[in-house]
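Structure first, commentary second.
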Amino acid sequence: MDTSEKYIRMCSLAKEIQKKWVFQSGDFVYNPAFEKVEVLLHLGNNSINYIWLPRQDQLQEICTAFFMQKLRISKSEAFLRFLEWYSGRLRYTFEHGLKNGNGFIDSGEELLLNRAMIMMHWKKWDGENWIKALEVPAPKPQQSSHGNYGIKV
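Heads up, our numbering is the position in the sequence shown plus 54, with the first residue counted as 1.
Structural data, given as structure tokens:
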């Protein structure tokens with residue numbers, strides 16, 4: 055399990071992933087009050103703003119749920135789609151190296167978090183923060199021969 059300063063920072067700034075945290079006994083968290091990583095067996099003090107450090111299996115569940123929702127498929131079909139997608143990401147990483155932004159990918163958790171953020175939120179890690187991975191220009195309306203941009207009048 056990655057508990058490096060880098061992974062803690064990546065997780066703390068991945069707000070979209072933090073919002074998906076549903077406590078489970080055994081979760082890894084960073085406790086900013088004591089500046090240390092802890093394994094929570096029970097939630098206890100709700101006043102602490104823990105930073106959830108998702109394990110690979112938890113990131114896998116998030117990705118599988120994403121496939122289920124977006125593709126409207128069963129959990130088993132979504133898991134197969136996840137495996138297909140993730141094996142492609144692993145193959146790409148193997149062929150192109152472990153470079154990620156200005157640094158290198160140091161763990162499986164980091165790789166999966168990075169790929170999940172790209173897939174679900176179009177963000178990538180630049181070594182300091184999550185930034186837009188791709189600018190997608192809005193489609194321009196095409197003027198029809200009637201001059202009404204395809205809008206029925």
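Beta carbons: idealized from backbone N, C-alpha and C, even for Gly.
With respect to I105, Y84 sits close: the two C-beta atoms are nearer than 8 Å. For E164, the enclosing alpha helix (DSSP H) starts and ends at G162 to H175. With respect to the 8 Å criterion, L166 and L95 are not classified as neighbours on the basis of their beta carbons. Going by C-alpha positions, F77 is about 7 Å away from L97. The Cβ-Cβ distance between F148 and A132 does not fall below 8 Å. Excluding residues up to 5 positions away in sequence, K129, A132, F133 and F136 lie with their Cβ nearer than 7 Å to the Cβ of T118 in the same chain. Annotation for K178: I172 and A187 place their beta carbon closer than 6 Å to its own, counting only its chain and skipping 5 residues before and after.
Rounded to the nearest angstrom, the gap between the Cα atoms of E92 and F82 is 6 Å.
Nearest to A170 by C-alpha distance, out of E59, M55 and K74, is K74. Non-local beta-carbon contacts of R63 in its own chain, meaning distances under 7 Å to residues more than five positions away in sequence, are absent. If you draw a straight line from the Cα of W176 to the Cα of A68, it comes to about 12 Å.
For F82, the enclosing beta strand (DSSP E) begins and ends at D81 to N85. Taking C-alpha positions only, G151 is separated from I185 by approximately 21 Å.
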